[in-house]
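This report concerns only the one structure given below.
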Amino acid sequence: MIGAGVIGLSVAHELATAGHQVTVVADTDTAETVSSVAAAVWFPFRSEQGDLADHLLERSLTRFNELSIIPGAAIEQRTGTVVERVADQDRSWARFLPDALEAMRGQLPPGALSGVRATVPVIMIPAYLPWLRQEVAGKGVIFKQGKVNDLSELGTSADAAVIATGIRGGELLGGDSLIYPIRGQIVRLANPGLTEWITDEDNPDGLTYVFPRREDIIVGGTAIEDSWDTALDLETERAILERASKLVPALAEQPVLGRAAGLRPARQKIRLEYVSGYDLPAITAYGHGGAGVSLSWGTAERVLSLIQELN
Ligand SMILES: Cc1cc2nc3c(=O)[nH]c(=O)nc-3n(C[C@H](O)[C@H](O)[C@H](O)COP(=O)(O)OP(=O)(O)OC[C@H]3O[C@@H](n4cnc5c(N)ncnc54)[C@H](O)[C@@H]3O)c2cc1C
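Reminder that position 168 of the sequence shown reads as 168 in full-length UniProt numbering, one-by-one numbering, no gaps.
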């Protein structure tokens, strides 16, 4: 298993639970991965659309709902609003949510056409990822720190290699011209007690979302395609805070607790397949765009099926 972001850890969990011996190799501490930057709200933002993706999303929702009753997993069910400013917005995700309802006019910002109100799992990622890693270690999975430069380094002692390497997905497979970054920048503000989230993707001033966690609030954002820039831009941050405070006035004057930028590993189609031609059978699991957390458990289940099909 290569990669210890949310996809690698979820896959390792699934394989170990099914009785496989798993070793995870990763060159970045989990807390430094793109996964640790995620908001992380269950929602299909800038990710594959279609039947397979819907299945992964639905399965992940079911798994997060189950995990939300385990206190250590740090997942909470939170209600919020998806603001719509263009006609015929994709609402396919809403059919998985039993309480999804048309938003009332008073629940929407000026200029919005419509919106959906729904309750979704919000994954408190700073607590969830360490919890998941501990669960995985408890199942006997071995973690190794290091970079894999070539799949041949793994030898032939394993039955398969799973490549869950996010934006670097193609590197071990001779390149992948279909993967590209979507740069995201967020600010972390102190939380004065908010629980409701809101996302306003087509805000004329720019993508805007507010996702309260427990002590902090993730405020975003940007979605810049093909930008590899991970440096923080303070002018961008100022603009994010300005438009977010217009949407949620309670944010004004809240102290900044932190800031981050990350590259969403985007691909028209998530690469979730068996790749031949290597010493070990290789299974790919990357390209989840802005929804890697939201698709993680469905992806892990699919990788387990692909591994089972090998035998
Ligand atoms: C601002 C922002 C907000 C987001 N919000 C959300 C959200 O609300 N909900 C949601 O579902 N998603 C969200 N996302 C998207 C989500 O973060 C990603 O889709 C997800 O983290 C991808 O996970 P991953 O495990 O594939 O990759 P990563 O987290 O990048 O992990 C990749 C792993 O591979 C390892 N690796 C790579 N190459 C090698 C190698 N050669 N050798 C060894 N190790 C290697 C790395 O060390 C790392 O461990 C957001 C992203 C951003 C940037």
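Heads up, the beta-carbon is just placed ideally off N, CA and C, and yes, glycines get one too.
What's the C-alpha gap between residue i and residue j?
i	j	result
Leu189	Leu232	16 Å
Gly169	Ile179	8 Å
Ile142	Ala266	29 Å
residue 360	Asn191	Because the chain here runs from 1 to 311, residue 360 falls outside it and cannot be looked at.
Gly175	Leu113	42 Å
Val303	Tyr209	31 Å
Asp202	Arg91	15 Å
Leu129	Leu257	20 Å
Glu153	Lys144	13 Å
Trp131	Ala73	6 Å
His20	Ala158	10 Å
Leu194	Arg95	26 Å
Pro249	Val187	16 Å
Val22	Gln107	48 Å
Ala78	Ser68	In the sequence as presented, Ala is not what sits at residue 78; that position holds Arg. Between Arg78 and Ser68, the C-alpha separation is close to 11 Å.
Gln254	Asn311	55 Å
Gly287	Gln268	8 Å
Leu272	Thr30	21 Å
Gln49	Leu295	12 Å
His55	Glu301	11 Å
Arg105	Leu97	21 Å
Val162	Thr33	17 Å
residue 337	Ala87	What is shown of the chain runs 1 to 311, which leaves residue 337 out entirely.
Ser305	Gly140	21 Å
Thr230	Gln89	30 Å
Arg238	Ile70	37 Å
Asn65	Met1	26 Å
Asp51	Ser245	36 Å
Tell whether a beta-carbon distance below 8 Å holds between residue i and residue j.
i	j	result
residue 315	Ala261	In the structure as shown, the chain starts at 1 and stops at 311, and residue 315 therefore has no counterpart that could be examined.
Thr222	Leu234	no
Phe211	Trp197	yes
Ala282	Thr299	no
Leu280	Thr156	yes
Arg264	Met124	no
Gly220	Ser47	no
Ala160	Ile307	yes
Val116	Ala127	no
Leu172	Val148	yes
Arg259	Asp205	no
Val293	Ala12	no
Trp297	Ser10	yes
Ile270	Ala100	no
Within its chain, find whatever has a CB closer than 6 Å to the CB of residue i; leave out the 5 residues flanking it on each side and keep chain order.
i	result
Ala26	Gly3 and Ala4
Gly277	none
Trp93	Pro44
Can you name, in chain order, every residue of its own chain whose Cβ lies under 7 Å from the Cβ of residue i, other than the five neighbours on each side?
i	result
Thr236	Gln185 and Thr222
Val41	Val120, Val122, Trp197 and Phe211
Gly146	Val25 and Asp27
Between which residues of its own chain and residue i is the CB-CB distance below 8 Å, once the five residues before and five after are set aside?
i	result
Asp200	Val83, Arg85, Pro109, Ala112, Leu207, Thr208, Tyr209 and Leu247
Gly181	Checking the sequence shown, residue 181 turns out to be Pro, not Gly. The answer, listed in chain order, is Ile167, Glu225, Asp226, Ser227, Trp228, Leu263, Arg264, Pro265 and Ala266.
Ala291	Phe43, Pro44, Phe45, Arg46, Ser47 and Leu57
Ile217	Arg188, Leu189, Ala190, Asn191, Leu194, Val210, Phe211, Leu251 and Gln254
Ser177	Gly170
Ile240	Gln185, Ile186, Val187, Gly206, Thr208, Val219, Gly220, Gly221 and Thr222
Glu150	One detail in the question is off: residue 150 reads as Asp in this sequence, not Glu. Closer than 8 Å at the Cβ level, and outside the excluded window around Asp150, lie Leu172.
Glu309	Tyr274
Taking 7 Å as the cut-off, is the CB of residue i close to at least one heavy atom of ligand 2?
i	result
Gly155	Although ligand 2 was asked about, the structure shown includes only ligand 1 as ligands.
**Message:** Pairs of beta-carbons, one from the stretch 15-30 and one from the stretch 128-145, closer than 8 Å: are there three or more?
**Reply:** yes
**Request:** Pair every Cβ in the stretch 54-61 with every Cβ in the stretch 77-88, then say whether three or more of these pairs are closer than 8 Å.
**Result:** no
**Item:** Length-filtered (4 minimum) alpha helix (DSSP H) runs lying within the stretch 205-269
**Value:** 234-247
**Prompt:** Fully enclosed by the stretch 132-164, which beta strand (DSSP E) runs are 3 residues long or longer?
**Reply:** 142-145 and 161-163
**Request:** Scan the stretch 22-88 and note each continuous beta strand (DSSP E) run of 3 residues or more that stays entirely inside, going in chain order.
**Result:** 23-26 and 75-84
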